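Residue numbers (my numbering): 76 to 513.
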């Protein structure tokens, strides 16, 4: 008999308790949040030491692992806000024993805002200093969403800082929301569907807030403008990620998974037929064996009742391990975000008692075995099962529950930077959205 090794012991397929796994993944994510007791030394920039509240996108940097060519030991405004939302949930349910991590996030965000000058600076050094990088208008919007969500959990001094941050972000967004920006993937500059949806969610949160944040007089017009602008991204088949449509070496850039991510982080509805049509095209391009973008790993997973794993967009060339144009692999966070779409839609169907299908959403429903004749209860169950299959695949291909940025499209092994904060946060958000068994 051979000796026991980790390579021969794997999670039991479809037997994992996703809620239990999520509790563990929270602490894996939390390792990337700097505090007074957990201090990071920037491995690339000598002398830069983390300040409490910095959220490392990943603890990986160039050559820290075989073939890794990326340095993620930085604080991204967007990623940090997404992690901060999970910190707020963790404090609310008692997972975090105190609110110090929330206070640290607020004070560090103030440091970044004061050092930036330009409020949409996407990324900062872990001491809060300005870093040369792209500008993204989704960051300030999601920061406002996170600050409003945690506001009542803060002490008085932190609340005062949060109010100042929100006011400054809104002043910036007032002039920026009609403008162009770098998109979610920091690759294309233009009118970004995701950024516009994140801004719309931000403005909706401000308009509905009950914590005393003043509602600017320009906000109603901004809400109407963004709602109309988002509709302009529909081309008759899918929502387009960026306008004008990119024509560089990344084309075709659609369908792009950031449309589905706008349901999780933006203001998009899980019942929007146009969004569901886009989601159906996204799933098909990586899960349909007839597609030129099909991931071989999805064939092996399907035989186990898992998946599919999803990527970013057709023909993606970034893989995180090389500087060559050799990408197009599935991502943990995009797969988890898509699973959350299934869960949210299942919840909507259960609460309404109807399956609001039409010609646009028919393919989306058919992919999980739902037809016009399917009863709402059965449709909700099918959607829940589809989300479960995706999250189970994420766990199955994880490195003993640790999540990197990507999975190899052929082997399923993890690749690119390790322990990506956003991967954990996306998994946590999806599990929280997971409905009870119908």
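By construction, the Cβ of each residue, glycine as well, lies at the ideal position given by its N, Cα and C atoms.
Note that the structure is a prediction, hence the values are computed from the model and not measured.
Proximity winner among the options, relative to residue i (alpha-carbon distances)
{"i": "residue 373", "options": "513, 501, 340 and 482", "result": "482"}
{"i": "residue 132", "options": "179, 170, 190 and 201", "result": "201"}
{"i": "residue 287", "options": "237, 376 and 502", "result": "237"}
{"i": "residue 179", "options": "165, 126 and 145", "result": "126"}
{"i": "residue 128", "options": "504, 145, 199 and 423", "result": "199"}
{"i": "residue 250", "options": "215, 303, 264 and 220", "result": "215"}
{"i": "residue 368", "options": "224, 380 and 384", "result": "384"}
{"i": "residue 461", "options": "448, 389, 440 and 396", "result": "440"}
{"i": "residue 455", "options": "427, 473, 475 and 146", "result": "427"}
{"i": "residue 245", "options": "262, 213 and 226", "result": "213"}
{"i": "residue 513", "options": "452, 464 and 480", "result": "452"}
{"i": "residue 247", "options": "297, 233, 347 and 346", "result": "297"}
{"i": "residue 431", "options": "304, 345 and 375", "result": "345"}
{"i": "residue 355", "options": "197, 443 and 172", "result": "443"}
{"i": "residue 382", "options": "421, 229, 466 and 227", "result": "466"}
{"i": "residue 495", "options": "294, 102 and 90", "result": "102"}
{"i": "residue 157", "options": "221, 99, 168 and 184", "result": "221"}
Start and end residues, alpha helix (DSSP H) containing residue i
{"i": "residue 463", "result": "451 to 471"}
{"i": "residue 213", "result": "213 to 225"}
{"i": "residue 340", "result": "333 to 340"}
{"i": "residue 312", "result": "Unbroken run through residue 312: none, as it is neither H nor E."}
{"i": "residue 417", "result": "407 to 427"}
{"i": "residue 131", "result": "No alpha helix (DSSP H) contains residue 131, which DSSP labels as neither H nor E."}
{"i": "residue 37", "result": "No answer is possible for residue 37: it lies beyond the span of the chain, which begins at 76 and ends at 513."}
{"i": "residue 178", "result": "175 to 191"}
{"i": "residue 105", "result": "93 to 105"}
{"i": "residue 499", "result": "496 to 508"}
{"i": "residue 441", "result": "437 to 441"}
Any non-hydrogen atom of the ligand ADP within 8 Å of residue i CB
{"i": "residue 306", "result": "The ligand ADP is not part of the structure shown, which contains no ligands of any sort."}
Where residue i sits in the DSSP three-state scheme
{"i": "residue 266", "result": "strand"}
{"i": "residue 373", "result": "helix"}
{"i": "residue 367", "result": "coil"}
{"i": "residue 485", "result": "coil"}
{"i": "residue 116", "result": "strand"}
{"i": "residue 35", "result": "The question about residue 35 has no answer here: the residues shown for the chain are numbered 76 through 513."}
{"i": "residue 241", "result": "helix"}
{"i": "residue 234", "result": "helix"}
{"i": "residue 319", "result": "coil"}
{"i": "residue 228", "result": "helix"}
Nearest-angstrom Cα separation, counted from residue j out to residue i
{"i": "residue 155", "j": "residue 488", "result": "26 Å"}
{"i": "residue 92", "j": "residue 257", "result": "38 Å"}
{"i": "residue 435", "j": "residue 352", "result": "5 Å"}
{"i": "residue 119", "j": "residue 136", "result": "8 Å"}
{"i": "residue 292", "j": "residue 278", "result": "12 Å"}
{"i": "residue 312", "j": "residue 349", "result": "8 Å"}
{"i": "residue 96", "j": "residue 371", "result": "26 Å"}
{"i": "residue 504", "j": "residue 415", "result": "7 Å"}
{"i": "residue 191", "j": "residue 492", "result": "26 Å"}
{"i": "residue 218", "j": "residue 419", "result": "23 Å"}
{"i": "residue 464", "j": "residue 472", "result": "12 Å"}
{"i": "residue 186", "j": "residue 111", "result": "16 Å"}
{"i": "residue 490", "j": "residue 480", "result": "7 Å"}
Length at least 4, wholly inside the region 245 to 294: the alpha helix (DSSP H) runs in chain order:
268 to 282
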